[in-house]
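Presented below is the structure to which this report refers.
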Amino acid sequence: MWTNPTFTHILVALFTMNSWLAINSIWIEVPAVVQVMPEGWELHSYLNFLLTVANVALMIMEKMIFGLNGFNVAAASLLPVLWNYTIVIKGHSHSVPYLIIVFILSICCCTANITFMPFMHKFRGIYMRTFFVGQSLSALVPSSVALAQGVGMGSCMNVSLNVSEYKMELRYQEENFSVTVYFWVLFCMVLYLSNCIHPIASLDTMEQGIKLKSVSTYSCLPYGLKAFSFAAILSNVAKPIATLFTITFPCKSHSMLGIIITCALSCGGYILVLAILSPCPPLHDTTVGGVIMVMVWVMFLGLFTYLKAMIGCILHDMGHSALVWGGIVTQAGIALGALVMFPLVSIFHLFDEGIPCVNSCTP
1 MWTNPTFTHI
11 LVALFTMNSW
21 LAINSIWIEV
31 PAVVQVMPEG
41 WELHSYLNFL
51 LTVANVALMI
61 MEKMIFGLNG
71 FNVAAASLLP
81 VLWNYTIVIK
91 GHSHSVPYLI
101 IVFILSICCC
111 TANITFMPFM
121 HKFRGIYMRT
131 FFVGQSLSAL
141 VPSSVALAQG
151 VGMGSCMNVS
161 LNVSEYKMEL
171 RYQEENFSVT
181 VYFWVLFCMV
191 LYLSNCIHPI
201 ASLDTMEQGI
211 KLKSVSTYSC
221 LPYGLKAFSF
231 AAILSNVAKP
241 IATLFTITFP
251 CKSHSMLGII
261 ITCALSCGGY
271 ILVLAILSPC
281 PPLHDTTVGG
291 VIMVMVWVMF
301 LGLFTYLKAM
311 IGCILHDMGH
321 SALVWGGIVT
331 QAGIALGALV
341 MFPLVSIFHL
351 FDEGIPCVNS
361 CTP
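Letter by letter, the sequence shown follows residues 1 to 363 in UniProt numbering.
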């Protein structure tokens with residue numbers, strides 16, 4: 001059984017699925033979490049900033065692939081217990097326990113790129129694509145849980161202020177199960193997947209013979225909560241599909257990869273323009289505008305996932321050090337993007353998501 005290629009592919013996928021499972025799960029649950037968090041929708045940029053700060057741990061934990069999963073499990077176990085606790089600092093409430101736990105999970109996830117990727121050099125090249133399939137599943141699986149939960153679904157309700165006055169307010173639908181239950185499910189998944197490290201370690205001996213997360217709120221919310229939810233969920237569905245395309249339609253041509261990069265950057269530019277023009281981007285509050293926005297987000301993440309997987313395969317062919325540097329450059333890009341976006345979003349407030357259910361674009 002241990003030498004069965006199919007079994008090895010399954011274990012590799014489960015092993016790498018654990019790399020970004022925790023952080024992807026946290027991102028997907030943001031629409032439910034922000035309803036009770038004092039930070040509100042600015043929580044997006046706080047999470048990005050924590051991901052950036054977590055990069056300081058790269059040099060410390062590069063060799064700690066097994067200890068890495070221990071930290072991951074410990075932090076995930078605290079999340080369902082402490083996520084909604086707040087601490088008052090200078091008269092303002094802050095979600096300090098939640099942010100600390102997210103920071104610890106961010107360290108584990110950020111370091112995965114320079115621990116898990118080089119670790120895959122011990123396997124044959126055919127398993128590198130499976131590595132990226134598993135990594136993309138780290139977003140798809142929690143998306144499925146969030147879909148069952150009904151996270152972030154809401155509608156505009158007519159609320160009477162008095163006999164002659166009324167206003168429209170956003171009322172969130174009650175989730176099918178709570179945020180706490182969602183985080184317990186996350187803990188169970190992290191705990192189970194961490195146990196896949198041991199059979200993978202045994203197989204190791206045999207084998208020897210993307211920063212637009214900060215602007216997602218501003219680019220999506222003008223088109224409504226449903227469009228926002230569909231963009232988040234379908235984008236995560238696009239990731240594993242894109243990695244499967246690397247198996248059926250592999251492309252290592254530099255010129256073709258350059259064309260794909262250009263298309264992906266064009267999608268990213270469109271998303272950035274939507275965020276800058278928020279809360280009144282083109283075709284806002286229309287079905288057509290929402291469909292276009294969702295399609296662009298799906299294409300953006302799908303294309304970059306395909307590129308990441310193919311570049312990873314090319315680096316695997318170049319050797320262990322190339323995989324290490326590939327992981328470092330990936331994290332450097334994430335850090336640079338978050339360092340640029342955090343002050344623009346949370347300090348200078350360059351973007352404006354508007355008020356849900358209120359027409360902010362009336363002349």
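Glycine included, C-beta positions come from ideal geometry on N, C-alpha and C.
For residue i and residue j, I'd like the C-alpha separation in whole angstroms.
{"i": "Ser-144", "j": "Ile-347", "result": "34 Å"}
{"i": "Cys-361", "j": "Pro-222", "result": "10 Å"}
{"i": "Ala-231", "j": "Tyr-218", "result": "12 Å"}
{"i": "Ala-74", "j": "Leu-283", "result": "45 Å"}
{"i": "Tyr-270", "j": "Leu-315", "result": "30 Å"}
{"i": "Ala-201", "j": "Gly-224", "result": "Residue placement at Ala-201 is poorly supported in this model, since its pLDDT is 42, which falls under 50; the coordinates are not used for a value here."}
{"i": "Val-181", "j": "Ser-216", "result": "25 Å"}
{"i": "Val-81", "j": "Asn-236", "result": "27 Å"}
{"i": "Pro-5", "j": "Leu-350", "result": "51 Å"}
{"i": "Glu-39", "j": "Ile-233", "result": "23 Å"}
{"i": "Trp-27", "j": "Arg-124", "result": "33 Å"}
{"i": "Ser-253", "j": "Leu-244", "result": "18 Å"}
{"i": "Val-33", "j": "Ser-255", "result": "43 Å"}
{"i": "Gly-302", "j": "Ile-261", "result": "11 Å"}
{"i": "Leu-78", "j": "Gly-258", "result": "43 Å"}
{"i": "Pro-250", "j": "Met-128", "result": "12 Å"}
{"i": "Cys-263", "j": "Ile-241", "result": "18 Å"}
{"i": "Val-102", "j": "Ile-87", "result": "16 Å"}
{"i": "Leu-140", "j": "Gln-35", "result": "23 Å"}
{"i": "Cys-97", "j": "Ser-136", "result": "According to the sequence as given, residue 97 is Pro; it is not Cys. Looking at the two C-alpha atoms, the distance is approximately 28 Å."}
{"i": "Ile-89", "j": "Ser-138", "result": "35 Å"}
{"i": "Val-178", "j": "Gly-319", "result": "One point to set straight first is that residue 178 is Ser, not Val, in the sequence displayed. About 46 Å."}
{"i": "Gly-70", "j": "Cys-156", "result": "44 Å"}
{"i": "Val-290", "j": "Trp-297", "result": "For the record, residue 290 in the displayed sequence is Gly; it is not Val. About 11 Å."}
So, is residue i buried or exposed, given that buried needs 16 or more other C-beta atoms within 10 angstroms?
{"i": "Leu-336", "result": "exposed"}
{"i": "Cys-188", "result": "exposed"}
{"i": "residue 393", "result": "As displayed, the chain neither begins before 1 nor continues past 363, which places residue 393 out of reach and without an answer."}
{"i": "Pro-118", "result": "buried"}
{"i": "Met-310", "result": "buried"}
{"i": "Val-133", "result": "buried"}
{"i": "Leu-265", "result": "exposed"}
{"i": "Met-293", "result": "buried"}
{"i": "Tyr-192", "result": "exposed"}
{"i": "Ala-332", "result": "exposed"}
{"i": "Val-288", "result": "exposed"}
{"i": "Trp-20", "result": "buried"}
{"i": "Gln-173", "result": "exposed"}
{"i": "Phe-228", "result": "buried"}
{"i": "Pro-343", "result": "exposed"}
{"i": "Gly-91", "result": "exposed"}
Assuming residue i and residue j form a contact by the criterion Cβ under 8 Å, report the distance between their Cβ atoms to the nearest whole angstrom.
{"i": "Asn-72", "j": "Leu-47", "result": "Actually they do not touch by this definition, with Cβ atoms about 17 Å apart."}
{"i": "Ser-194", "j": "Asn-18", "result": "6 Å"}
{"i": "Ala-76", "j": "Leu-186", "result": "6 Å"}
{"i": "Leu-323", "j": "His-9", "result": "Not quite, the Cβ-Cβ distance comes to about 19 Å (not below 8 Å), so this is no contact."}
{"i": "Thr-330", "j": "Lys-239", "result": "At roughly 15 Å, the Cβ-Cβ gap does not stay under 8 Å, so Thr-330 and Lys-239 are not in contact."}
{"i": "Ser-45", "j": "Val-340", "result": "Ser-45 to Val-340, Cβ: 11 Å. No contact."}
{"i": "Phe-116", "j": "Thr-52", "result": "Their Cβ separation, rounded to whole angstroms, is 20 Å, which puts Phe-116 and Thr-52 out of contact at 8 Å."}
{"i": "residue 366", "j": "Leu-274", "result": "Absent from the structure is residue 366, since the part of the chain shown begins at 1 and ends at 363."}
{"i": "Val-30", "j": "Leu-43", "result": "6 Å"}
Completely contained beta strand (DSSP E) runs for the region 79-158, where each covers 3 or more residues: 87-89, 92-94
Please give me, in chain order, every unbroken run of the alpha helix (DSSP H) with length at least 4 that falls completely inside the region 16-40. 21-28, 30-33
Quick check on the DSSP output: what are the complete alpha helix (DSSP H) runs of length 4 or more inside the region 213-250, in order along the chain? 216-220, 225-248
Could you give the uninterrupted runs of the alpha helix (DSSP H) lying entirely in the region 279-345, keeping only those of 4 residues or more? 287-318, 320-342
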